[in-house]
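Chemist:
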Amino acid sequence: MALSKIIEKNERVAVLIAAGGMLLAAFLVYRNLTRASRAVEVWYYDLNTKTLVAGQSDDISPISTGSDDYTYHDGTGGAAVQAAIFGCGSPPSLRVGMDLEDIKSAGGLLAYVSRYPVETARFYKNLQDGQPVDEQEYVRHTNAPKLIAKPTELKWVPIQSEAGTPLLGAAGEYCGASGERPVPAIP
Numbered sequence: 503m504a505l506s507k508i509i510e511k512n513e514r515v516a517v518l519i520a521a522g523g524m525l526l527a528a529f530l531v532y533r534n535l536t537r538a539s540r541a542v543e544v545w546y547y548d549l550n551t552k553t554l555v556a557g558q559s560d561d562i563s564p565i566s567t568g569s570d571d572y573t574y575h576d577g578t579g580g581a582a583v584q585a586a587i588f589g590c591g592s593p594p595s596l597r598v599g600m601d602l603e604d605i606k607s608a609g610g611l612l613a614y615v616s617r618y619p620v621e622t623a624r625f626y627k628n629l630q631d632g633q634p635v636d637e638q639e640y641v642r643h644t645n646a647p648k649l650i651a652k653p654t655e656l657k658w659v660p661i662q663s664e665a666g667t668p669l670l671g672a673a674g675e676y677c678g679a680s681g682e683r684p685v686p687a688i689p
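In terms of the numbering used here, the sequence shown opens at residue 503 and continues consecutively.
(1) Indicate the three-state DSSP secondary structure (helix, strand or coil) for Val-641 in the structure shown.
(2) Rounded to the nearest angstrom, what separates Tyr-683 and Ala-586 at their Cα positions?
(3) Taking C-alpha atoms, which residue in Val-544, Arg-540 and Lys-552 lies nearest to Gly-653?
(4) Is the region 581 to 597 close to the region 556 to 570, with three or more CB pairs under 8 Å?
(5) According to DSSP, simplified to helix, strand and coil, what is Gly-469?
(6) Please return the same chain residues whose Cβ sits closer than 8 Å to the Cβ of Leu-612, not counting the five positions on each side in sequence.
(7) Leaving out five residues before and five after Tyr-676 in sequence, what residues of the same chain have Cβ atoms less than 8 Å from its Cβ?
(8) Using the Cβ count rule (16 or more neighbours within 10 Å means buried), how would you classify Val-620?
(9) Report yes if the CB atom of Ile-688 is closer than 8 Å to the CB atom of Pro-593, and no otherwise.
(10) Restricting to Cα atoms, I'd like to know which of Ser-616, Gly-632, Gln-638 and Gly-681 is closest to Gln-662.
(11) I need the boundaries of the alpha helix (DSSP H) containing Ile-605, first residue and last residue.
(12) Which residue wins for smallest C-alpha separation from Thr-622, given the options Ser-680, Gln-633, Glu-637 and Ala-646?
(13) Could you pull out every residue in the same chain whose Cβ sits closer than 7 Å to the Cβ of Pro-660, ignoring the five residues on either side in sequence?
(14) I need the boundaries of the beta strand (DSSP E) containing Glu-543, first residue and last residue.
(15) According to DSSP, simplified to helix, strand and coil, what is Val-685?
(16) Exposed or buried, Tyr-572, counting other C-beta atoms within 10 Å across all chains shown (16 or more means buried)?
(17) Which of helix, strand or coil does DSSP assign to Ala-672?
(18) By the DSSP assignment, the beta strand (DSSP E) with Ala-586 in it spans what residues?
(19) Any idea what DSSP makes of Ala-623, helix, strand or coil?
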């Protein structure tokens, strides 16, 4: 007997199927809405003060943290860029306000800093805020690479490039002699 015939003959079955469908839909909407707000704290490095600041993982780097804006080769934007900090075997104990020497003394390595091009960061922030964008702007910015640099040199290169690859491996080299795995630091 087909499902449609069962539903025609038994009103209870129809109500149960409809209620089950509504519960499933409500669950999926709830899960998607709560997933979007699962940002965690991550480390940023303020290029003006040369110190650690905490920010949210869904912030688009570079971000403003209270110090003046910073002038990059591609424009002016927030001074704080995402910081990739590692310890060997366990995360280093860090706190806001630490500089590179403090991080090193705590057993950590600030392997690299990362950010989007300034205009791309603005585009993503506008997109997060629900502002409309045109198709050409969307294509241009979604294809823009994230940039990384050594925190001591700030020569920004695309993360997936010949110059970027060694920076990504810096934590492994740092921990290589000890035989321990690099562990990322989070606030």
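We treat Cβ as the ideally placed atom computed from N, Cα and C, and that holds for glycine.
Modeler: Let me spell this out:
(1) In the structure shown, Val-641 sits in a helix (DSSP, three-state: H, G or I).
(2) The sequence as given places Arg at residue 683; Tyr does not occur at that position. Cα to Cα, Arg-683 sits roughly 15 Å from Ala-586.
(3) Per the sequence shown, the amino acid found at residue 653 is Pro instead of Gly. Across the set Val-544, Arg-540 and Lys-552, the C-alpha of Lys-552 shows the shortest separation from the C-alpha of Pro-653.
(4) Touching, yes, given that three or more Cβ pairs across the two stretches are closer than 8 Å.
(5) Residue 469 is absent from the structure shown; the chain starts at 503 and stops at 689.
(6) Excluding positions up to five away in sequence, the list reads Tyr-547, Ala-585, Ala-586, Ile-587, Leu-602, Ile-605 and Pro-653.
(7) Around Tyr-676: Phe-588, Cys-590, Leu-611, Ala-613 and Pro-684.
(8) Its Cβ being crowded by 16 or more others within 10 Å, Val-620 is buried.
(9) For the 8 Å CB-CB criterion, Ile-688 and Pro-593 form a contact.
(10) Ranking Ser-616, Gly-632, Gln-638 and Gly-681 by Cα distance to Gln-662 puts Ser-616 first.
(11) For Ile-605, the enclosing alpha helix (DSSP H) starts and ends at 602 to 607.
(12) Of the candidates Ser-680, Gln-633, Glu-637 and Ala-646, the residue whose Cα lies closest to the Cα of Thr-622 is Ala-646.
(13) Short of 7 Å from the beta carbon of Pro-660, and not among the five residues preceding or following it, lie these beta carbons of its own chain, in chain order: Pro-647, Leu-649 and Gly-666.
(14) DSSP places Glu-543 inside the beta strand (DSSP E), whose first and last residues are 543 to 548.
(15) Three-state result, Val-685: strand.
(16) Taking every protein chain shown into account, the CB of Tyr-572 has 16 or more other CB atoms within 10 angstroms, so this residue is buried.
(17) Under the three-state reduction of DSSP output, Ala-672 falls in the helix class.
(18) Unbroken beta strand (DSSP E) run through Ala-586: 582 to 590.
(19) Assignment of Ala-623 by DSSP, reduced to helix, strand and coil, places it in the helix class.
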